[in-house]
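Per our numbering, residue 87 is the first one in the sequence shown, and the count goes up by one each step. Where a beta carbon is used, it is the ideal one built from N, C-alpha and C, also for glycine. Inspection log for the structure reproduced underneath, given as structure tokens.
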Amino acid sequence: MQSTRSFKDRLFLVIKGLAMGAANKVPGVSGGVVAFVAGFYEEFIYSLQRVNKKAFGLLINGRFKSFFQYINGKFLSLLFLGMIISYFSISKILDYLIVNYQLYVWSTFFGMIVGSIYYLSKDFKEWSRTTVIALIVGSIAGLSISFLDPAKENDNLFFVFFCGIISVSGMTLPGFSGSFILILLGNYVLLLVDSVNALFDTMVDMLNGNFEFTQNESRVRLLKVLVVFTLGSVAGLVTFSHILNYILKHYKNITLATIMGFIIGSLGVVWPWKETIYKTNIDGSLLLDSRGKHIIANYKRFLPEFNSQTYIAIVYIALGILIVLGLEWYGKRTRQQKI
């Protein structure tokens, strides 16, 4: 998979990382779908599964250049650079947009998932009784997950490590939203908002020569949580890539049908016309977590009224579909140029 990349290719790879990072942070959207439709999913999985016993042997023996080449380091480093930038920039913009323009944001994501379903299904010719059952099972599983109630926040480090493993599942398994699973586990805000913001604030303090944060127990706790979460994410990436590579090799058609089912089921998560249901106390007041934030219980979905907002939302759905088709076109063009 090692190849010479032009500056344009490297730039686009960082942009793809930005898109994957943003998608991974949004509940109901999978970064793996971005990789799939943009045409670099197979290289991504291939590169991750090269992080194995041989790679660690090269690293331990100080053969850093050989290690970097063996794991397709140029590709992974540019992609992860985009993801890291995304967590501190694009994802913050997304947070703002979801708060202020929720209907249109979810409409765009809904359109992107519809486009992803079209992309996956248009070239899938291996329909049989087994693959249809796999599609139905995947759809039911994805839809069932979307209606589960979120758990309470838990900062136990063993549980945080497990959350790290789960959170990156969406990067290797298209249609499976790791961030939505974190909501169900109760740790979305802790791991993808508070801990990331704590790291950002710490970096700013260190650049200004201010190390008072070391005396801030809450900040130190969040940094510990982020370190353990990151270690779990790395372990999950490597583990899932090996498992998925084996499954795709031996059960490709069933796996692809199940993935399509997951994506179809996830449409219930990103349905634009929904309102957030918050947990309440016995007296009816909103229940707050330890940081004074409202605790989400679930979402109430409803059919839209046909007004100007609805028509604009439909335009955004079409925009989401066009974004995916554009990524597909670019991915196909890139693959043809490599042949």
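With a cutoff of 9 Å on beta-carbon distance, Leu134 and Phe326 are scored as near each other.
For the region 158 to 200, the continuous alpha helix (DSSP H) assignments of 4+ residues that do not extend past its boundaries occur at 159 to 174 and 176 to 186, in sequence order. Between Val120 and Lys102 a beta carbon distance of about 7 Å is seen, short of the 8 Å cut, so the two are scored as contacting.
The region 344 to 364 and the region 281 to 291 do not touch, with fewer than three beta-carbon pairs separated by less than 8 Å. For Glu239, the secondary structure class from DSSP, reduced to helix, strand or coil, is coil.
In this structure, Tyr402 is the residue among Val410, Leu411 and Tyr402 with its C-alpha nearest to the C-alpha of Trp192. Distances from the CA of Ile203 to each of Arg215, Ser225 and Tyr182 were compared; the closest alpha carbon is that of Ser225. The region 335 to 350 and the region 194 to 213 touch, with no fewer than 3 CB-CB distances between them shorter than 8 Å.
In the three-state scheme derived from DSSP, where H, G and I count as helix and E and B as strand, Lys360 is classed as strand. According to the DSSP assignment, Glu391 belongs to no alpha helix (DSSP H), since it is labelled neither H nor E. Proximity to Phe195 across Pro390, Ile349, Glu361 and Glu414 peaks at Ile349, based on C-alpha coordinates. CA-to-CA, the gap between Ile131 and Asn393 works out to about 44 Å. Contact between Ser253 and Leu277 is confirmed by a C-beta separation of about 7 Å, below the 8 Å threshold. Taking the Cβ atoms as the reference, Tyr274 lies roughly 6 Å from Ser265, within the contact range of under 8 Å.
Look at Arg96 here: in three-state DSSP terms it is helix.
For the region 117 to 157, the continuous alpha helix (DSSP H) assignments of 4+ residues that do not extend past its boundaries occur at 117 to 123, 127 to 135, 139 to 146 and 150 to 156, in sequence order. Only exposed fits Leu408, as fewer than 16 other CB atoms lie within 10 angstroms of its CB. Take the alpha-carbon of Phe315 and the one of Gly322: they are about 10 Å apart. Of the candidates Phe248, Ser116, Ile179 and Phe150, Phe248 places its Cα closest to the Cα of Val320. Ranking Glu298, Lys360 and Tyr337 by CA distance to the CA of Thr216 puts Tyr337 first. In this structure, the alpha-carbon of Ile333 lies about 16 Å from that of Leu221. In the DSSP annotation of this structure, the continuous segment of the alpha helix (DSSP H) that includes Val314 starts and ends at Glu303 to His336. When the Cα atoms are used, Ile398 and Asn331 turn out to be separated by approximately 41 Å. Pairing Gly406 with Gly107 gives a Cβ-Cβ distance that is not under 9 Å. Bounds of the alpha helix (DSSP H) holding Phe286 are Ser281 to Leu293. Sixteen is the threshold: when 16 or more other Cβ atoms of the shown chains lie within 10 Å of the Cβ of Asn158, as they do, the residue is buried.
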